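In order, the protein sequences belong to chains A and B. Residues 1 to 777 (our numbering) make up the first sequence, in order. Residues 1001 to 1151 (our numbering) make up the second sequence, in order. Some notes on the structure that comes next.
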Amino acid sequence: MFGNHANLAPSGLTSMRQTSGNGPVISNISRRGFLGATGGILLNVALAGTARAQDANPLSDVAGGDALPSLWVAIGEDGTVKITCHRSEMGQQTWTAMAQIVADELDAPWENVEIEQALGDARYGDQNTDGSRSVRYNFHRLRVAGAAMRTMLTRVAAETWNVDAQTCVVELGVVTHAESGRQKTYGELASAASTQTVPAEPEVGLKTREQWRYIGQPIPSLTVPRIVRGDSTYGIDVDRPNMVYAVIARPPQVFGKTGAVNDAAARAVPGVLDTVQLPDLEPPALFKALGGVAVVASDTWAAIQGRAALEIKWLDGPNAGASSDTRRAELEATARQPGDVRRNRGDFDAALAAAATRVEAEYYVPHMSQSPLEPPSATAEWTDGKLECWAPVQDPQTARNVLSQVLGVAVEDVTVHATWLGGAFGRKSKPDFVVEAALISREVGRPVKVTWTREDDIRHGYYHAGSAQRFEAGLDADGTCTAFLHRTVFPTISSTFAPGADQPSALEMNLGATDTPFAAPNLRVESGRSNEDLRIGWLRSVCNIQHAFGVQSFADELAHAAGRDPKDYLLELIGEPRTVDPTQEGAEYPNYDASLEVYPIETERLSNVIRLATDMSGWGRDLPEGHGLGIAAHRSFLTYVATIVEIAVDAEGEISIPGVWLAVDAGTVVNPKHVRAQIEGGVLYGLSNALYGDITYTDGAVDQWNFPDWRLMRMEEAPRAFNVEIVASNAPPAGVGEPGTPPAAPALTNAIFAATGQRVRTLPILGADRFRLSRNS
Amino acid sequence: MAITLNINGENKEVDAAEGTPLLWVLRDHLKMKGTKFGCGVAQCGACTVHVDGVPTRSCVTPHDSLDGALVTTIEGASGAAAEAVIAAWQAIDVPQCGYCQSGQILAAAALLEETPDPTDDDIDAAMSGNLCRCATYMSIRRAIKNASTAL
Chain A
1 MFGNHANLAP SGLTSMRQTS GNGPVISNIS RRGFLGATGG ILLNVALAGT ARAQDANPLS
61 DVAGGDALPS LWVAIGEDGT VKITCHRSEM GQQTWTAMAQ IVADELDAPW ENVEIEQALG
121 DARYGDQNTD GSRSVRYNFH RLRVAGAAMR TMLTRVAAET WNVDAQTCVV ELGVVTHAES
181 GRQKTYGELA SAASTQTVPA EPEVGLKTRE QWRYIGQPIP SLTVPRIVRG DSTYGIDVDR
241 PNMVYAVIAR PPQVFGKTGA VNDAAARAVP GVLDTVQLPD LEPPALFKAL GGVAVVASDT
301 WAAIQGRAAL EIKWLDGPNA GASSDTRRAE LEATARQPGD VRRNRGDFDA ALAAAATRVE
361 AEYYVPHMSQ SPLEPPSATA EWTDGKLECW APVQDPQTAR NVLSQVLGVA VEDVTVHATW
421 LGGAFGRKSK PDFVVEAALI SREVGRPVKV TWTREDDIRH GYYHAGSAQR FEAGLDADGT
481 CTAFLHRTVF PTISSTFAPG ADQPSALEMN LGATDTPFAA PNLRVESGRS NEDLRIGWLR
541 SVCNIQHAFG VQSFADELAH AAGRDPKDYL LELIGEPRTV DPTQEGAEYP NYDASLEVYP
601 IETERLSNVI RLATDMSGWG RDLPEGHGLG IAAHRSFLTY VATIVEIAVD AEGEISIPGV
661 WLAVDAGTVV NPKHVRAQIE GGVLYGLSNA LYGDITYTDG AVDQWNFPDW RLMRMEEAPR
721 AFNVEIVASN APPAGVGEPG TPPAAPALTN AIFAATGQRV RTLPILGADR FRLSRNS
Chain B
1001 MAITLNINGE NKEVDAAEGT PLLWVLRDHL KMKGTKFGCG VAQCGACTVH VDGVPTRSCV
1061 TPHDSLDGAL VTTIEGASGA AAEAVIAAWQ AIDVPQCGYC QSGQILAAAA LLEETPDPTD
1121 DDIDAAMSGN LCRCATYMSI RRAIKNASTA L
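Below is the structure:
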């Protein structure tokens, strides 16, 4: 998720870098040897404002800076268009989206497009694949890059024919001189085009929307044809000559230490080659290894068996005695005390005192695990003081920098290959598992693959932290909300990086708290302070999870308190069409690292998706006995989503989900098929967590161990029908990977209330062991 | 102890420790990486292969229990049902990250072998052992129905 980890510290949590709004810098570097013997043309697209002067052949004004080129696009003499994708592919189809954008403006035949995954390197600019922003960050500069190449190819053809370039037309990789009918393919022109000067941005002739060939179309995925044949390389699939396999016994507590070790039985397991004790973890946790003892073997199974045979005396660390029950009680107590004011409009206290009706409610959301189906796994090869790693990392640059620091080698001596990611959801933003592999490889002098078992993943993660929230509201005699208080208490992810950090950052408050779009004349958002006992980190949509659950549940509670329809009341809470600027009300509001001018908070877009989704769902229709419809709407990652969930509760209290209806306004959409997939998956991820997700801990150690007690939604529990409408929009592109998740949980619990009258204020709704609602919960 | 396994129609000599699950023999010994590790306790289905045509969790199946058995992995998935499933998966881009999809495809192919025209309940029964954290369940359900129609 969030964070731009140039160093071990999460600079992104405290500082933001503005990258939108400026044009890219593109220069022609075909003659610098990058193409090798293949010939052709290679364009270097630099991050806006970060190109070195000697590289820059500006397509737009450049503010300066020292970053190196960020992205490579090449055309070979065979016409192949090769795009080096610097973002990590984890199922969100970033390969396909990036290629669609470039190939469209280039007007290249789709079948000629190839993707190559970039190494982790600062010259690519931001590679941190989180925050649902790969398309948003790269849309414009990739369009310009594609269009610039098209212009250069056209110009060289025109020069060859000694005609005016304006009289030439381009279609699908062929330049045609209209009058004479002469034609040349991109492949034929590529080498000659490499001598061309890169045109300035105004000269590149971006297509109009009507001319787009691939953008906005459901182009098939570039990864799926390999996946369906089992021909795909995730981190766990990497193989190196002479490689050995390791699993690690880690201290049950974060910052617990390794005491006496007896590895005799482990070494006696057939296939076990060695054991390696890793350094104890000292605060702060950062992305360092957790410590413990690694068992190195000739295959993964032998390593797992060897680990089971280890005898280790674990020593308590500072988290001894910590429990999630105790932490929860503290969070809830804090939520009942005045907090730090993070946004204020009017005078909440006075308005509450004058209200005809007062409503209050408290909500609790527990710790959760990202649990991508591919557990963390990394392969490292330490050779003569240099390190090469292959791993499913969301940010190979962060991995590279962390490895450099932990192992004490120069960044230039560390190579990080980002493989495909078998799911990530924020877990693979944290490269601790790559550090483990590197430490062990250096110790044993061979390539080492570290595999986390599922138990390791569930017990030793970077969790979504537990949170408590308290809401208070005052309604006037007509039921209109005149006073609204949201107090949120959760440990800051900064605590993983800075011991003692106890106040939610602006970036975290940005996620569904300080950006509440409600029109109540008196509105206050507060945060409370808390510490944390585990390593915590980003999980798909992050604090939006608890904030959307709290805000949208409470909105539903207010509707019922006012005796109003929840949809009508939600629209009334949002109020008249306008833009909302939290910075005018004392909030520090990063707006997902985007300008509020380009990406304002527009209430009408939120209201619009509410009206669309409720229409789709037949809101207000007669429902069978035991059924209920719930609504929730939320803006996150600059995208507006409204979700309607229908649930059915049978006589025994068993829940099923007959249908979900959702409208999403994500601005300009590159691939509607994949947007729909991300939205559906994001909703089900949220529903799964809301129904079952509950990480608890005792004596500082996580209680759950594998999918039986860290339960995930299965096919039989998924909705039977799911309808998505994507709003046609010319607004700039926004995020799609995460925005489906936040409104899912409150739409579900609001539906449960509609069906049963039971108000769910604590998640999970069921947990691992329960299959039915209790009658009185 | 070396034994011979029949995988995707080929005999493979394997020398792994007694009791080593088929999953790790496939992945670490034979370097066939299409079969995935997800949980190790037969709870997620990522490691699904066919043993004599039956979907089987390779993570809890000792390789040395498979003498004389015919093992099919994603790399060798073929036949009308499997090809229909693969084509249907590709037609609507079922996979997101794709990590669980070898298991999903093999489970779906076995379903359609037995039940060419499955109901929603049939799909639930056949597919609920296969977790997908990307939650591609809606697409899987659609694709199974499309594959059924194509068959």
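C-beta: ideal position from N, C-alpha, C; glycine also. Here the structure is a predicted model, which means the values were calculated and not measured.
- Only buried fits residue 469 of chain A, as 16 or more other CB atoms lie within 10 angstroms of its CB.
- Under the Cβ distance rule, residue 368 of chain A does not count among the residues neighbouring chain B, no pair being separated by less than 8 Å.
- Following the DSSP letters along the chain, one finds residue 558 of chain A inside the alpha helix (DSSP H) bounded by residues 544-561.
- In the assembly as shown, residue 750 of chain A is a buried residue. Its beta-carbon has 16 or more other beta-carbons within 10 Å.
- Neighbourhood of residue 1075 of chain B in chain A, by CB distance below 8 Å: 229, 230, 231, in chain order.
- Residues of chain B with a Cβ closer than 9 Å to the Cβ of residue 580 of chain A do not exist, since the nearest Cβ in that chain sits about 31 Å away.
- Taking 8 Å as the cut-off, the beta carbon of residue 369 of chain A is found no closer than this to the beta carbon of residue 450 of chain A.
- Of all residues in the segment 644-676 of chain A, only 673, 674 place a beta-carbon less than 8 Å from a beta-carbon of chain B.
- Contiguous alpha helix (DSSP H) elements confined to the segment 61-124 of chain A occur at 94-106, taking only those with 4 or more residues.
- Chain B places a beta carbon closer than 8 Å to that of residue 224 of chain A, counting this residue as a contact.
- Spanning the alpha carbons of residue 765 of chain A and residue 1093 of chain B requires a straight line of approximately 32 Å.
- Ranked by Cα distance from residue 1015 of chain B, the options A:577, A:270, A:260 are led by A:270.
- Residue 128 of chain A does not reach chain B, its nearest Cβ partner there being about 18 Å away, counting only Cβ pairs nearer than 8 Å.
- Residues of chain A with a Cβ closer than 9 Å to the Cβ of residue 1046 of chain B are, in chain order, 373, 374, 422.
- Setting aside the 5 residues that flank it on each side, residue 394 of chain A is surrounded in the same chain by 88, 129, 130, 424, 428, 429, each with a C-beta closer than 6 Å to its C-beta; the list follows chain order.
- Scanning chain A for C-beta atoms nearer than 9 Å to the C-beta of residue 1009 of chain B yields nothing, as the closest lies near 15 Å away.
- Annotation for residue 674 of chain A: the continuous alpha helix (DSSP H) segment containing it runs 672-692.
- In the displayed model, residue 599 of chain A falls within coil according to three-state DSSP, outside both helix and strand.
- Under the three-state reduction of DSSP, residue 1117 of chain B is assigned to coil, being neither helix nor strand.
- Taking the CA atoms as reference points, residue 1122 of chain B sits about 16 Å from residue 1081 of chain B.
- Measuring C-alpha to C-alpha distances from residue 365 of chain A to each of A:520, A:267, A:465 identifies A:465 as the nearest.
- The distance from the Cβ of residue 1031 of chain B to that of residue 239 of chain A is about 6 Å, consistent with a contact at the 8 Å cut-off.
- Closest in C-alpha terms to residue 98 of chain A, from the list A:326, A:757, A:561, A:137, comes A:137.
- At a cut-off of 8 Å between beta carbons, residue 1041 of chain B contacts chain A.
- At a cut-off of 8 Å between beta carbons, residue 1002 of chain B makes no contact with chain A.
- Setting aside the 5 residues that flank it on each side, residue 1055 of chain B is surrounded in the same chain by 1048, 1106, 1107, 1110, each with a C-beta closer than 7 Å to its C-beta; the list follows chain order.
- Identification of chain B residues near residue 707 of chain A by a Cβ-Cβ cut-off of 7 Å yields 1039, 1043, 1044, 1131, ordered along the chain.
- Look at the segment 1014-1036 of chain B: the residues with a C-beta under 9 Å from a C-beta of chain A are 1016, 1017, 1018, 1019, 1020, 1021, 1023, 1024, 1025, 1027, 1028, 1029, 1031, 1032, 1033, 1034, 1035, 1036.
- Leaving aside the five residues that flank residue 471 of chain A on each side, the residues in its chain whose CB is nearer than 7 Å to its CB run, in chain order, 360, 361, 485, 486, 550, 554.
- Within the same chain, 733 come within 6 Å of residue 668 of chain A by CB-CB distance, once the 5 residues on both sides are set aside.
- In this structure, DSSP gives residue 267 of chain A a helical state, which the three-state scheme calls helix.
- Rounded to whole angstroms, the separation of the alpha carbons of residue 78 of chain A and residue 730 of chain A is 36 Å.
- Distance between residue 175 of chain A and residue 208 of chain A, taken at the CA atoms: about 19 Å.
- Annotation: residue 304 of chain A to residue 597 of chain A spans about 54 Å, alpha carbon to alpha carbon.
- Here residue 1040 of chain B has 1059 as same chain residues with Cβ atoms under 7 Å from its own Cβ, once five neighbours each way along the sequence are excluded.
- Among the residues of chain A, none has a CB under 9 Å from the CB of residue 1068 of chain B; the nearest is roughly 22 Å distant.
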